[in-house]
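Chemist: What follows is a single structure, and I will ask about it in a moment.
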Amino acid sequence: MDSKKVQSVIDWEIPSKIIDLRSFLELANYYRRFIEGYSKIVNPLTNILKKDQKQEWTVAYNDAFRLLKQAISSQLVLKLPQLDRPFDVQVDASNRALRGVLVQDKHPASFESTN
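The working numbering numbers the first residue of the sequence shown as 1021 and each following residue consecutively.
Now the structure itself:
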């Protein structure tokens, strides 16, 4: 991610409208596979988009927004996979979420998660 894009994420203001939140989440979604625990971080923000949800910005939303900005703007540590080498898949599941990491040579190549 180039430094201008990182700076734009760092400078992104707390959304005051649903459309602004949607724009930020579209950007964030592009980087979801680079962010460990993405779905857990973004869950409060996606909940506010539901039609039956009261659209009031709370501390939980603010924390999720800050964490997501931090995760996107931090150095991405994923290694590009070499397709001719073996992979390991590490998974963790509970009643509430499923998380997985694609690993090659003990280094993460991709993160996946769902709630």
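Note that the Cβ used here is the ideal one computed from N, Cα and C, for glycine as well.
Where in the stretch 1040–1114 do unbroken runs of the beta strand (DSSP E), each at least 3 residues long, occur, reported from the N-terminal end onward?
Modeler: Counting only runs of 3 or more, we get 1108–1113.
Chemist: Between Trp-1032, Asp-1125, Thr-1134, Val-1121, which lies nearest to Asn-1115 when the distance is taken from Cα to Cα?
Modeler: The shortest C-alpha separation from Asn-1115 is found at Thr-1134.
Chemist: Do the stretch 1116–1127 and the stretch 1044–1062 make contact, defined as three or more Cβ pairs closer than 8 Å?
Modeler: As far as the Cβ criterion goes, the stretch 1116–1127 touches the stretch 1044–1062, which means the pair count is three or higher.
Chemist: So for Ser-1028, helix, strand or coil by DSSP?
Modeler: Helix at Ser-1028.
Chemist: Go ahead and label Arg-1052 buried or exposed: buried means 16 or more other beta carbons lie within 10 angstroms of its beta carbon, across all protein chains shown.
Modeler: Buried.
Chemist: Expressed to the nearest angstrom, what Euclidean distance is found between the alpha-carbon atoms of Thr-1078 and Ile-1038?
Modeler: Their backbone Cα atoms lie some 14 Å apart in a straight line.
Chemist: Is the beta carbon of Leu-1088 sitting closer than 9 Å to the one on Phe-1044?
Modeler: In this structure, Phe-1044 lies closer than 9 Å to Leu-1088 by Cβ.
Chemist: Relative to the C-alpha of Phe-1085, which residue among Asn-1049, Pro-1128, Phe-1131 is closest?
Modeler: That would be Asn-1049, whose Cα lies nearest to the Cα of Phe-1085.
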